[in-house]
Amino acid sequence: MQSELMPRREKLKSLAARVAILAIAAGALSGSTARAQTPPAANRAQLSGTVTSVNSGAQQLALRSDKGEDVLVTTTDRTLILRIPPGETDPKKGTRIALATLSAGDRAVVIGPAPADPKTWAATAVLVMSKSDVAGLQQKDQDDWKKRGATGTVTAIDAAAKTVTIKSGSRTFTVQPSEKTSYQRYSLDSARFSDAKPSTLAEIQTGDQLRVLGNKSGDGVFIQAEKIVSGSFRQIAATITAINPQNGELTVKDLATKKSLTIKVDANSEMRKLPEQAARMLARRYAPGAQQGESAGGPPTGAGRGGDVGQMLDSLPAMPISELKPGDAIMVSTTQGTDPGRVTAITLLAGVEPLLTASPTATRDIMSGWNLGGGGDTGQ
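Each residue of the sequence shown is one higher than the last, beginning at 179 in the numbering used here.
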């Protein structure tokens, strides 16, 4: 379910395409391929996004930027347009193409003078990755996150050793970054990856949700971090007191604070409902003193592919807001929110009454791994 929330999938899926295309842009800005075409560095800017339409006769293309803005890009006969093969970051290996060969869904980085109007650009260079190449790159990255990714709650930070400890279900991992580790951090009011900002190890805090990609040690305790995505989210157990389906809003009573809270459910919020049998199985799993399995955050044997709770929840059918009613108990992961009384749902799980009865930590243990892709997705 997770991870533009996006759906949660997009949060991390766009990571592969954005990082790759921006790396190419960096090479173009510094390399000789586009040097003759680009304006002086002091006046040079770049914009990345997805092509929405192309008008070759007018030498223009429309772009939806990674910030969600619609931008019109004008080219000339001198504009360098390069199609970059998947996996390449050297623009010299790109192939010069005509504007007419671009199509909706292609990823592009526009390079040109910093515009006076941010919605109108004059391109000196356009670097393109085809829609099919983007899809292949995303799938490859998604498979890598499934294989080598881990998600959990930050329980400790050792500034001297430069390590972070995370708890993922019943397991604990020590994350070991290096100088090459890349960091991204979500904003307080959004779980969209496009709203995430470059970050540092110093910004990670105890209690954060953290997703890490890297190789594990032989004993599975240490993770050599290549990529880290972190954010401050809330995991809430609540009872619904009112529903406004027209506005997509739930009024709930937070079971921990006993305070009323408004939760916004938008098109990117992901909602699932646990079948009664699965809820009882998970209740036994997370009950105090229960025997814990080997899989991080995993349910009892047979409950979910690979024994992973996130994957099991992702496999459940989506639930519309119309299936909720006052009195229902829910677990929900939300944005932190600049207004603590109003938040946006990232992931919401209904049918959780047995879990809330069985374990006071079930909400944290289950939802903390799910909202950033406990089932293993990537970034888009």
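Just so it is clear, CB atoms sit at the ideal spot from N, CA and C, and this is done for glycine as well. Keep in mind that this is a model prediction, so the values were computed, not measured.
Inter-residue spacing [alpha-carbon to alpha-carbon] between residue i and residue j
i: THR359; j: THR535; result: 41 Å
i: ARG463; j: ARG349; result: 14 Å
i: GLY392; j: GLY505; result: 42 Å
i: LYS245; j: GLY283; result: 16 Å
i: SER438; j: ALA294; result: 45 Å
i: GLU472; j: ASP311; result: Residue confidence is low: GLU472 scores 38 on pLDDT, short of 50, so the model does not pin down where it sits. No coordinate-derived value is stated.
i: LEU494; j: VAL487; result: 11 Å
i: LYS324; j: ARG389; result: 11 Å
i: THR341; j: ARG222; result: 37 Å
i: SER210; j: ARG370; result: Low confidence applies here, because SER210 scores a pLDDT of 43, under 50, leaving its location unreliable; read the following figure in that light. Using only the alpha carbons, I get a separation of about 35 Å.
i: LEU277; j: GLN237; result: 7 Å
i: THR378; j: ASN425; result: 37 Å
i: LEU280; j: ALA292; result: 23 Å
i: VAL521; j: SER234; result: 43 Å
i: ILE499; j: PRO423; result: 7 Å
i: THR298; j: LEU250; result: 5 Å
i: LYS375; j: GLU381; result: 11 Å
i: ILE508; j: ILE418; result: 8 Å
i: ASP373; j: VAL407; result: 12 Å
i: ARG483; j: GLN489; result: In this prediction, ARG483 scores a pLDDT of 30, lower than 50, which makes its location untrustworthy; the coordinate-derived value is nonetheless stated afterwards. Going by the C-alpha atoms only, they are around 6 Å apart.
i: THR273; j: SER537; result: 58 Å
For residue i: DSSP bridge partner residues
i: TRP299; result: VAL251
i: ASP432; result: ALA416
i: MET307; result: ARG285
i: PRO291; result: ARG222
i: GLY330; result: LEU388
i: GLY227; result: SER243 and ALA286
i: VAL443; result: Per DSSP, none; premise fails for VAL443.
i: GLN238; result: ASN233 and THR252
i: ALA507; result: THR417
i: GLU448; result: THR525
i: VAL407; result: GLN362 and ARG389
i: LYS394; result: ILE401
Own chain, CB closer than 7 Å to residue i, minus 5 neighbours either side, in chain order
i: ARG242; result: GLY227, THR228, THR230 and ASP248
i: GLU326; result: Sequence check: residue 326 is Arg here, not Glu. The answer, listed in chain order, is LEU391, GLY392 and ASN393.
i: GLN514; result: LEU366, SER410, PHE411 and ARG412
i: THR384; result: VAL332, THR333, ALA334 and ILE335
i: ALA420; result: THR429 and PRO504
i: ALA523; result: ILE441, LYS442, VAL443, SER447, VAL510 and THR512
8 Å CB neighbourhood of residue i in its chain, flanking five on each side removed
i: LYS271; result: ILE262 and PRO263
Same chain only: Cβ atoms within 6 Å of residue i, ignoring 5 sequence neighbours per side
i: ILE275; result: ILE259 and ARG261
i: VAL232; result: LEU239 and LEU280
(message) Any contact between the region 357–365 and the region 426–441? By contact I mean 3 or more CB pairs, one from each, below 8 Å.
(response) no
(request) Identify every run of the beta strand (DSSP E) within the region 336–383, keeping only runs that are complete inside it and at least 3 residues long; order them along the chain. (result) 341–346, 349–354 and 360–363
(message) Three or more C-beta pairs under 8 Å: does that hold for the region 263–271 against the region 330–339?
(response) With a cut-off of 8 Å, the region 330–339 and the region 263–271 do not count as touching, because too few Cβ pairs lie within range.
(request) Indicate whether the contact test is met: 3 or more Cβ pairs, each with one atom in the region 441–456 and one in the region 517–535, closer than 8 Å. (result) Touching, per the Cβ criterion.
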